[in-house]
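Peer 1: Each residue of the sequence shown is one higher than the last, beginning at 1463 in our numbering.
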Amino acid sequence: MIFPPNTAPPEPVPAPDDPVVWRDAMPDTYAATDALGRTLPGCGETGPPRAGRYVGLFYWTWHTAQARGVRTPVNVTRIVERYPEASHDLNFPLWGPLFSPHHWNEPLFGYYDTDDRWVLRRHAEMLANAGVDVIIFDNTNGTMTWKESYDVLFEVFAQARAQGVKTPKIAFLLPFSAGDNTNAQLRLLYGDIYSKNRYQNLWFYWKGKPLIMAHPDKLDVTDPVDRAILGFFTFRPGNPDYKAAGKKGEWGWLSVYPQVVYRNRDGSPEQTTVGVAQNYSAEAGLTAMNGENVFGRTYTSKGYDTRENAALLGANFAEQFEYALKVDPEFIFITGFNEWVAGRFDTWQGVTNAFPDEYNDVFSRDIEPSKGALSDCYYYQMASFIRRYKGARPPWTDNAARSIRVGSGFADWAAVPHTYYAYPGNTFARDDTGYGGIRYTDDSGRNDIAAAKVASDAVNIYFMVECAGDISPRTDERWMRLLLDTRSGEGGFCGFDYIVNRVAPGASTAVLERSAGGWNWEPAAQVRYEVEGNRLQIAVPKAALGIGGGPFTLRFKWSDNTLAAGDAMDFYLRGDTAPLGRFTYVYVSTQ
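1) Shorter than 7 angstroms from the beta carbon of SER1832 to some beta carbon of chain C?
2) For ASP1838, which residues in the same chain have their Cβ closer than 6 angstroms to its Cβ, ignoring the five residues on either side in sequence?
3) Using DSSP with H/G/I as helix, E/B as strand and the rest coil, what is GLY1653?
4) Compute the beta-carbon to beta-carbon distance between PHE1599 and LYS1631, rounded to the nearest angstrom, for a pair I have assumed lies under 8 angstroms.
5) Just the Cα atoms here: how many angstroms apart are TRP1484 and GLY1853?
6) Taking 8 angstroms as the limit between beta carbons, can you name the residues of its chain near THR1602, skipping five residues before and five after?
7) Between which two residues does the beta strand (DSSP E) harbouring TYR2049 extend?
8) Nearest to GLU1820 by CA position, among GLY1834, GLY1812, GLU1801, LYS1671, is which residue?
9) Can you name the residues that DSSP bridges to ARG1769?
10) Do GLN1647 and THR1605 count as a contact pair if the criterion is CB distance below 7 angstroms?
11) Counting only the same chain and skipping the five closest in sequence on each side, list residues whose C-beta sits under 8 angstroms from that of TYR1842.
12) Would GLY2077 and GLU1792 be called neighbours here (beta carbons separated by less than 7 angstroms)?
13) Let me check one thing: in DSSP terms, what residues is PRO1672 bridge-paired to?
14) State the CB to CB distance for the pair ARG1827 and ALA1739, rounded to an integer number of angstroms; the pair is presumed to be in contact (CB under 8 angstroms).
15) Three Cβ pairs or more, each shorter than 8 angstroms: is that satisfied between the segment 2000-2014 and the segment 1930-1937?
16) Would you identify the three-state DSSP class for PRO1474, choosing helix, strand or coil?
17) Rounding to the nearest angstrom, what Cα-Cα distance links PRO1511 and MET1926 in this structure?
18) With burial defined as no fewer than 16 other Cβ atoms inside 10 Å of the residue's Cβ, what is the status of PRO2041: buried or exposed?
19) Pop quiz: GLN1721 and TYR1785 are said to be a contact at Cβ under 8 angstroms. What is the actual Cβ separation, rounded to whole angstroms?
20) Going by alpha carbons, who is nearest to GLU1543 out of ASP1874, GLY1995, VAL1824, ASP1904?
21) Going by CA-CA distance only, name the one from LEU1775, ALA1913, GLY1711 that's closest to LEU1498.
22) Return the CA-CA distance between ILE1691 and VAL1756, expressed in angstroms with no decimal places.
23) Helix, strand or coil for SER2021? Go by DSSP, reduced to three states.
24) For a quick check, are the C-beta atoms of CYS1956 and ALA2030 less than 7 angstroms apart?
25) Starting from SER1977, follow its DSSP beta bridges and name the residues at the other end.
26) Return the chain-ordered ranges of every beta strand (DSSP E) run that is complete within the segment 1580-1604 and spans a minimum of 3 residues.
27) Suppose the cutoff is 8 angstroms on Cβ atoms and the five residues either side in sequence are ignored; what does the same chain contact list for TYR1742 look like?
28) May I ask which residues mark the beginning and end of the alpha helix (DSSP H) holding LYS1609?
29) If we ignore side chains and look at the alpha-carbon of each, how far apart do ASP2022 and GLY2037 end up?
30) Quick one, are the C-beta atoms of ALA1640 and ASP1679 less than 7 angstroms apart?
31) Is VAL1482 near ARG1623, with beta carbons less than 7 angstroms apart?
32) In the DSSP assignment, what residue or residues form a beta bridge with ILE1911?
33) Near TYR1656, what residues of its chain come up, given a Cβ to Cβ distance below 7 angstroms and the 5 sequence neighbours on each side ignored?
34) Quick one: give me the first and last residue of the alpha helix (DSSP H) that ARG1544 is part of.
35) Just verifying my parser: in three-state terms, what is the DSSP assignment at TRP1875?
36) If you drop the 5 nearest sequence neighbours on each side, which residues of the same chain put their C-beta closer than 7 angstroms to that of LEU1716?
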């Protein structure tokens, strides 16, 4: 097909004063230890950032009207764990109506809808921190564009970018063939978003134009609007086949191992896919997720993973990503983040009581954290693979000894050159409804952490945290905690072996505690601290942390109004943390 001249505006380049530039939080330098004890690779393992490498993540905006149409969310994992016989029982009483959405498990943020701003803000930060470049919306069904969701998401992501969050950009995957549905969506999206230059800084550009995964073949080149559309986008039509490459110029979204590689005209690899799981079997080909011998999370080409916690380890995901790393294309498409639901069919692909796309913990393909056993394991597994593909920057190294006079104001911090930026503006209250009309509220946001600094001398390590507004009184519960990981190898809580302010502080001294295993703590030292307006500083003796003379590396994290019961998931759900979730900042000193 011959395309008309380019009608798209040039890709915008952030100016030096853009918050995503000057407030760069450097999430590729974060450390993390997941629930399985796996740690993220750093620059020494990944190499420096690589130009021309991009990651797209399949993302679902469809949790809207169908959410409001459900009386009570149906959790498939909980049902089949208790009643295994229900799997292929079409009339089992706990199932919802045929064709209605059934959740494979409960998302960490509840059975949310995708116009919940509180959830969308967390998605923006989580995906930015993981290194995702673009989220690709699933518009493969009919003419539904889920405008009610994408309008809110655009607004939330744009606000997050204005506060320094380098959110993923956006693109759409339309139906898997040319025709009326694809044409209708192209015209709707072009008319509502692209022709109006709405949120242009969120558009993902590919080869000089905004990317759209759509089949343009049935557009009318003599129609002015269709002709403008044909000249506006870089088209990469979606290929539905799990094993064959399809037509030239197509891209995949999901494939079985070894995945299909989509190539440039010169034969170099342009794109491939990585899936968490596939609704496929060697015997049946395409099948429902509750069919026989399905390629679930524990599947590999060498057989199913039978290790303890195999469902958490992600062998299928790992095998596919290792292959993608070997191919080393320009773009990797990951499936997926937050599909969560599948309709229930009487029969589909020969399976009775079929759940085509999602079923339970093992036979599902989402990465977003859940309230079930999978927790956030797949999120950090994804972040780890993305780093290995794209590379990472080294953390800042402090080459000078600096003393901070805690108790004498904050002027000394002006000499510390590096700032660990956090994302302000994320402590607003939640008040929204999800599936089944469930109301979700949260007002735990209190001190909005915006930045931090660290310095050290021969005796102490000094920490400063800055909030967007004045810090609340020290008598507040779970107030301004500092968590430290000295890499002692002694375990602790989520990798942290020390904490400050778990015990309420006095007027000028706080308690440093050492982990006695998990969320059990014992006193280690009294430490000096000071609060002035929106800043807090603490001096922690090196000796109390078991740090002697010479170079050292320390991981640290600030939190406020979290960890009521020592649950790491609170790092996502309550108050504020910097960085979000299990991520930590890294301080490296040569002194």
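We put the CB at the ideal spot given by N, CA and C, even for glycine.
All values reported here derive from a predicted model rather than from experimental measurement.
Peer 2: Checking against the coordinates, here is how it stands:
1) No chain C appears in the structure shown, which is made up of a single protein chain.
2) PRO1831
3) helix
4) With a Cβ gap of about 12 angstroms, PHE1599 and LYS1631 do not count as contacting.
5) 21 angstroms
6) LEU1635, LEU1636, PRO1637, PHE1638, GLY1700
7) 2047-2051
8) GLU1801
9) In DSSP, ARG1769 forms no bridge with anything.
10) yes
11) ALA1494, ASP1496, ARG1500, LEU1502, ARG2044
12) Beyond the ends of the chain as shown, which are 1463 and 2053, falls residue 2077; an answer cannot be given.
13) TYR1667
14) 4 angstroms
15) no
16) coil
17) 29 angstroms
18) buried
19) 6 angstroms
20) VAL1824
21) LEU1775
22) 40 angstroms
23) strand
24) yes
25) TRP1983
26) 1596-1600
27) TYR1704, VAL1718, LEU1748, THR1749, VAL1756, PHE1757
28) 1609-1624
29) 6 angstroms
30) yes
31) yes
32) CYS1929
33) PRO1672, PHE1694
34) 1538-1544
35) helix
36) TYR1704, THR1735, GLY1737, GLN1740, THR1797
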